[in-house]
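Trainee: Protein chains in written order, with my numbering: chain A, 573 to 867; chain B, 6 to 363; chain C, 762 to 1099. We put the beta carbon where it would ideally sit given N, CA and C, even for glycine. Dropping the structure in here first, questions after.
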Amino acid sequence: MTTLNAGAAPAPVYERSAGFWSGVLKKLARDPVAIGAAAVLLALVLIALFAPLITPHDPYQTSLLKRLRPIGFENFLLGTDELGRDLLSRLMLGARLSLFMGIVPVLIAFVLGSAIGILAGYAGGLANTLIMRTIDVLYAFPSVLLAIALSGALGAGIGNALLSLTIVFIPPIARVAESVTTQVRGRDFVEAARASGAGAFTIVRVHVLGNVLGPIFVYATSLIAVSMILASGLSFLGLGVRPPEPEWGLMLNTLRTAIYTQPWVAALPGVMIFITSISFNLLSDSLRSAMDVKN
Amino acid sequence: MSIGMSVEHIGADIHGDRGGPAQPLLSVRGLVKHFDLKKGFLETLTGGGKVVRAVDGVDFEVLKGETLGVVGESGCGKSTTARLLMHLIDPSAGEIVFDGETVGSAALPLREYRRQVQMVFQDSYSSLNPRLTIQDSIAFGPQVHGVPRREAITRARDLLARVGLEPRRFAERWPHELSGGQRQRVNIARALASEPRLVILDEAVSALDKSVEAQVLNLLMDLKDEFGLTYLFISHDLHVVRYISDRVMVMYLGKVAETGPAEALFDDPLHPYTRALLSSMPSMDPDRRTEEAPLAGDPPNPIDPPPGCRFHTRCPFAEPVCAERVPALEERAGRQAACLIHEADAGHSRNPTAIYAA
Amino acid sequence: MNDTSPLIDVRDLRVVFTGGKKPVEAVNGVDLTVARGESVALIGESGSGKSVTLRSLLRLHPERRTRISGGIRIAGHDVLALGSRPLADYRGKVASMIFQEPLLALDPVYTVGAQIVESIRRHEAVSREEARKRALELFERVRIPSPARRLDAYPHEMSGGMRQRAMIALALACRPQVLLADEPTTALDATVQIQILLLLRELQRELGLAILFVTHDMGAAVEVADRFAVMYGGRIVEEGPTREVIRNPRHPYTLALMQARADGAMTKGARLASIPGSPPDLANLPAGCAFAERCAYAREACLATRPEAVDLGTGHRARCLRTDATAHALQHTEAQPA
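Below, the structure is given as structure tokens:
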């Protein structure tokens, strides 16, 4: 009857395809843009980590005599700011707070927003409507305004800025999570899983999470750049980081008066924000295409 | 450790054939599913709004060990019926009885019913989780029902071999690495993994190329014999349905038009719709091409089905009475047709009441 | 352009897709002619190259990732040599195409009438009223009931069969000589499919159209086609008059396709004659006949060379070394080949 004969067959050696994530990594490793962006980000993180050890000058040391010196002045490689502090040192140390404010709110919002969105998407129907309409109320405000309003209400300070940024990012992430979950839920393999008698929790764990976390993660990566810019904006308005702590947005703010006298120096914090955000954007783009199974 | 053995074992105690071979495996009575169309704000307030009458009062039985073919055009409700049978959607009304027990009752909880009834979908790609290996997809069902993972994986590999996919080559592959035919074999293995008695095949071979379709049809026939399965085979392809089915049910706009043994139904259709459907099939004979389309126009929309007999708007034999009276599904000699021509004293001029009166 | 030369004349067409890791040889030397008023069915399974061939005739493939060689002459136009302006004029005016899924081919935000008017006015200097009058005639031509009202309908408001008729009307808007049809009835219900097949046959006869009809469904092809061309692995493996190919298929692949059908002729419960294995990998075609490894008649020689076409008379040709063995094979299916 059956031809299966386990005894006679040699020990089976299974042909194993590469796992999904190792495949993604392989594709990323072949993508020069991804490598470049990742290298820039890695460098920034290393600088931020070791900033106190490697800054050429004391980033807090003011000097009224050497204010607003140009790039390459004496041993100040990137000039000095309006209080005569070494700009290079401040940019290096500023990477800490700026990266922190970029990554941490998005990370928290990723966890909370995904949970909300997946719940709404999988539940569907009335629960979905209730959750998503509530989220939409927050979503209706432009993110800049919402961040400012929340920070303003909570009061200045890093903690409050962090909290308000997190709240700002939950609605968009929840929306993306809800839409990909709704999409996945309609696929036949979820129906098949339901038909096999599995409960909702099992289906979400085995069949939904693996298919939705990737796209949500890609979207969240692209928000890191936004978060950095918003955090800079808050600092700029005096709602986030307070002087004399170095943070790129705050530095951009205080240097703006020098835009006519030392335009290159004044632009440098902005350049850093730009480089970081574009690196995150490029990396998330590459991640998106690497995660496309069909490529 | 062979699958053949495990099936015999299950046949002995778990499957426990309650009613004996004469009792239908599945009886469906008065099954109805109406979908609400997306309502506007006003309609939500007034409670109005239109409904799609996808399935509108369907009765049928699936006998033990048979293959019941279900044919019909888009909008006839055949796929909705499949989803209702799987309890993927809740019926608006009606009852499903599985081997004598009402589905969802204390004697047959939904979870246990779902182990005994499985489904294979049309889209072989969409029905496999792209993030699970083939063997994990197959092993998922048994694990849900408490089979330990190691054992479930072993069973998955055995089943892979059984559907003609060398486990060593395919067990740890991803769905996108397989061809359409291979994926559909995996889907069949997945359906069989929880050792069902009834398998619903919803256009399961329709997306496959002809040469591959033949392979899969042969496989389905073999598996049916080996595992003692009962099939509900849904398809729009009459040739395939005729080939594989013992009995055939023809649906039109949410209702059953005709049921009967496959040969009788195809050789001598009772319902004018069945006849039109059969003569719409391309002839495969270059010297006897179709000269006139048997029916004009498209099937009407199930949102607003015609009154009376639903087919009267396209029926060549329609008479005024057909627009008023809903034909009943009458049984005669193992065949059923819902047509006033065949319904005693229905008032249709072609009605050979005299013959049936005897 | 004289009337005896074929309207479609394809010579040694080769299409290679270079976008992926390995170049994919989708079409490997297709020769095909279609005369005025003739309808030819291009039959094959997925990956046989039938749709790729058809799309090449309108140059619909992305130029940068596709290498096309060979010759395509349609109604006197050297299609592969056309510049971008003449190409745009050629599409729709000389040859136009209908697709499997009209809902994707029609623009959802315009009424079908507006799309036909737009298409006519793009190619010809006629007034809006004149174009609309022609659109109305076209709707009558393709037998759309209450045509004036339907002209103002949006694609999603029509049923599947009506949409397919509307797309045919759109394709005929500029009075093309060649109609290319890509699985036009595959997505339709049986009772609607036969109506569309009959319509195509009628249009071919009355407008003198040359129709190239791509399908995987032999039954549908028999209803419309004068000639059959069966594709496998990017080549036409057999071609000839419909009657000849259906009654007396000489390529083992065509033969196997006929035998694999679950048609009424089969005895119930008997196993279907299936073709073992799966279609060839177009990125890695074998040196010999692409069908050899699935073929019941294959010999050593089949693996070595790609067979040339063998003339079997009355325009019937098969690319096979074993046409001697396949003669009358369909009549004696019981006798299994050695």
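1. Which word fits THR1087/C, buried or exposed, when buried means at least 16 other C-beta atoms lie within 10 angstroms of its C-beta?
2. Return the first residue and the last residue of the beta strand (DSSP E) that MET124/B is part of.
3. Specify the secondary structure class of LEU177/B as computed by DSSP and reduced to three states.
4. Take the Cβ of TYR112/B as the centre, count every other Cβ of all protein chains shown within 10 Å, and call the residue buried at 16 or more, exposed below.
5. How about ALA725/A: is its Cβ closer than 6 Å to a heavy atom in the ligand NAP?
6. Look up VAL777/C in the DSSP assignment and say whether it is helix, strand or coil.
7. Mind checking which residues open and close the alpha helix (DSSP H) that includes THR1087/C?
8. Would the segment 194-203 of chain B and the segment 148-161 of chain B be scored as touching if the rule is three or more Cβ pairs under 8 Å?
9. What are the boundary residues of the beta strand (DSSP E) that SER32/B is part of?
10. Pair every Cβ in the segment 780-790 of chain C with every Cβ in the segment 846-861 of chain C, then say whether three or more of these pairs are closer than 8 Å.
11. I'd like to confirm the pairing. Which residues does DSSP put opposite PRO628/A in its beta bridges?
12. By Cβ distance, which residues of its chain are closer than 8 Å to ALA343/B, with the 5 residues on each side in sequence left out?
13. For LEU961/C, tell me which candidate among GLY810/C, ALA1017/C, GLU799/C and ALA1079/C has the shortest Cα-Cα distance.
14. When we look at the beta-carbon of HIS181/B and count the other beta-carbons within 10 Å, is it buried (16 or more) or exposed?
15. So what does DSSP say about PHE808/A, is it helix, strand or coil?
16. Does the Cβ of THR976/C have 16 or more other Cβ atoms within 10 Å, making it buried, or fewer, making it exposed?
17. Run through chain B and tell me which residues come within less than 8 Å of VAL813/C, C-beta to C-beta.
18. Indicate whether at least one CB of chain A lies closer than 7 Å to the CB of MET226/B.
19. Quick check on GLU182/B - is its C-beta less than 7 Å from some C-beta in chain C?
20. According to DSSP, which residues form a beta bridge with ARG1080/C?
21. Is ARG705/A close to chain B, meaning its C-beta is less than 7 Å from at least one C-beta of that chain?
22. So is ALA797/A buried or exposed if we call it buried at 16+ other beta carbons inside 10 Å?
23. Could you pull out every residue in the same chain whose Cβ sits closer than 7 Å to the Cβ of PRO726/A, ignoring the five residues on either side in sequence?
24. Can you grab the Cα-Cα spacing for the pair ARG772/C / LEU940/C, in whole Å?
25. Tell me which same chain residues have a C-beta within less than 7 Å of the C-beta of ARG895/C, skipping the five on either side of it?
26. Can you find a C-beta in chain C that's less than 7 Å from the C-beta of LEU170/B?
27. For LEU1016/C, which residues in the same chain have their Cβ closer than 8 Å to its Cβ, ignoring the five residues on either side in sequence?
28. Taking the alpha carbon of ASN853/A as the reference point, which residue from VAL605/A, SER594/A and LYS598/A has its own alpha carbon closest?
29. Output, in chain order, the set of chain A residues within a Cβ distance shorter than 7 Å of ARG136/B.
30. Using only the alpha-carbon positions, how far apart do ALA1026/C and PRO153/B sit?
31. Can you confirm whether ARG759/A, when its beta carbon is compared against all beta carbons of chain B, has any partner nearer than 7 Å?
32. Using a Cβ-Cβ cut-off of less than 7 Å, give me the residues of the segment 140-158 of chain B that come near chain A, in sequence order.
33. With 16 other CB atoms within 10 Å as the buried threshold, where does PHE145/B fall?
34. Quick check: what's the CA-CA separation for GLU984/C versus LEU958/C?
35. Give a yes or no on whether the minimum CB-CB distance between LEU206/B and chain A is below 7 Å.
36. Restricting to Cα atoms, I'd like to know which of GLY62/B, LYS69/B, VAL63/B and ASP61/B is closest to GLN28/B.
Mentor: Put simply:
1. For this step, residue 1087/C is matched to residue 326 along the third sequence. Per the 10 Å Cβ criterion, buried.
2. Along the second sequence, read from residue 1 onward, the residue named residue 124/B stands at position 119. Boundaries of the beta strand (DSSP E) around MET124/B: 122-125.
3. Residue numbering aside, residue 177/B sits at position 172 when the second sequence is read from its first letter. First, the amino acid is wrong: residue 177/B is Glu here, not Leu. GLU177/B falls in the strand class under three-state DSSP.
4. Locating residue 112/B in the second sequence gives position 107, counting from the first residue. Residue identity check: residue 112/B is Ala in the sequence provided, not Tyr. Exposed is the call here.
5. In the structure shown, the ligand NAP is absent, as is every other ligand, since no ligand is present at all.
6. Walking along the third sequence from the start, residue 777/C turns up at place 16. Here DSSP, grouped into helix, strand and coil, assigns VAL777/C to strand.
7. For this step, residue 1087/C is matched to residue 326 along the third sequence. For THR1087/C, the enclosing alpha helix (DSSP H) begins and ends at 1084-1087.
8. The segment 194-203 of chain B makes contact with the segment 148-161 of chain B, as at least three CB pairs between them are under 8 Å.
9. On the second sequence, residue 32/B is found 27 positions in, with the first residue counted as 1. Looking at the DSSP string, the run of the beta strand (DSSP E) that includes SER32/B is 31-41.
10. Touching, no, given that fewer than three Cβ pairs across the two stretches are closer than 8 Å.
11. The count along the first sequence starts at 1 and reaches residue 628/A at position 56. Residue pairing for PRO628/A: DSSP places it in no beta bridge.
12. The residue labelled residue 343/B in the question sits at position 338 within the second sequence. Contacts found: LYS260, VAL261, ALA262, GLU263, HIS276, CYS314, PRO332, ALA333, LEU334 and GLU335.
13. Your numbering for residue 961/C matches position 200 in the third sequence. Taking each of GLY810/C, ALA1017/C, GLU799/C and ALA1079/C in turn and checking the Cα distance to LEU961/C, the smallest one comes out for GLU799/C.
14. For the purposes of this step, residue 181/B is taken as the residue at position 176 of the second sequence. By the neighbour-count rule (16 or more Cβ atoms within 10 Å), HIS181/B is not buried but exposed.
15. Numbered from 1 along the first sequence, position 236 holds the residue referred to as residue 808/A. Helix, per DSSP.
16. In the third sequence, residue 976/C corresponds to position 215, counting from 1. Burial call: buried.
17. Here the question's residue 813/C lines up with position 52 in the third sequence. Near VAL813/C there are no residues of chain B at all, since even the closest Cβ is about 16 Å away, more than 8 Å.
18. Counting from 1 along the second sequence, the entry for residue 226/B is found at position 221. False, the Cβ-Cβ gap to chain A never drops below 7 Å.
19. Along the second sequence, read from residue 1 onward, the residue named residue 182/B stands at position 177. False, the Cβ-Cβ gap to chain C never drops below 7 Å.
20. Start at 1 with the first residue of the third sequence, and residue 1080/C comes out as number 319. Answer is ALA1070/C, bridged to ARG1080/C.
21. By 1-based counting over the first sequence, the position of residue 705/A is 133. Interface with chain B (7 Å Cβ-Cβ cutoff): ARG705/A is excluded.
22. On the first sequence, position 225 is the one that residue 797/A refers to. ALA797/A should be labelled buried.
23. The residue you call residue 726/A lines up with position 154 of the first sequence. Note that residue 726/A is Leu in the sequence shown here, rather than Pro. Excluding sequence neighbours, LEU726/A sits near ASN732, LEU735 and SER736.
24. By one-based count along the third sequence, residue 772/C stands at place 11. By one-based count along the third sequence, residue 940/C stands at place 179. Taken atom to atom, the span from the alpha-carbon of ARG772/C to that of LEU940/C is near 19 Å.
25. As a working note, residue 895/C is residue 134 in the third sequence. Taking ARG895/C as the centre and dropping the five residues before and after it, the same chain places the C-beta of ILE881 closer than 7 Å to its C-beta, in chain order.
26. Taking the first residue of the second sequence as 1, we reach residue 170/B at position 165. Not an interface residue.
27. Taking the third sequence and counting its residues from 1, the one referred to as residue 1016/C is at position 255. So the qualifying residues of the chain are PRO1010, THR1087, ALA1090 and LEU1091.
28. Taking the first residue of the first sequence as 1, we reach residue 853/A at position 281. The candidate whose alpha carbon is nearest that of ASN853/A is VAL605/A.
29. Within the second sequence, the letter at position 131 stands for residue 136/B. Within chain A, the residues near ARG136/B are PHE592, GLY782 and ASN783.
30. Here residue 1026/C corresponds to residue number 265 of the third sequence, with the count starting at 1. Here residue 153/B corresponds to residue number 148 of the second sequence, with the count starting at 1. Residue placement at ALA1026/C is poorly supported in this model, since its pLDDT is 47, which falls under 50; the coordinates still yield a value, given next. Going by the C-alpha atoms only, they are around 47 Å apart.
31. For this step, residue 759/A is matched to residue 187 along the first sequence. Yes, contact with chain B.
32. Cβ proximity to chain A below 7 Å picks out PHE145, GLY146, VAL149 and HIS150 from the segment 140-158 of chain B.
33. The residue you call residue 145/B lines up with position 140 of the second sequence. PHE145/B is buried by the Cβ-count criterion.
34. Residue 984/C sits at position 223 when you count from the first residue of the third sequence. Residue 958/C sits at position 197 when you count from the first residue of the third sequence. One C-alpha to the other measures close to 7 Å.
35. Residue 206/B sits at position 201 when you count from the first residue of the second sequence. No, LEU206/B lies away from the interface with chain A (no Cβ there is under 7 Å from its Cβ).
36. For the purposes of this step, residue 28/B is taken as residue 23 along the second sequence, with counting starting at 1. Nearest C-alpha to GLN28/B: LYS69/B.
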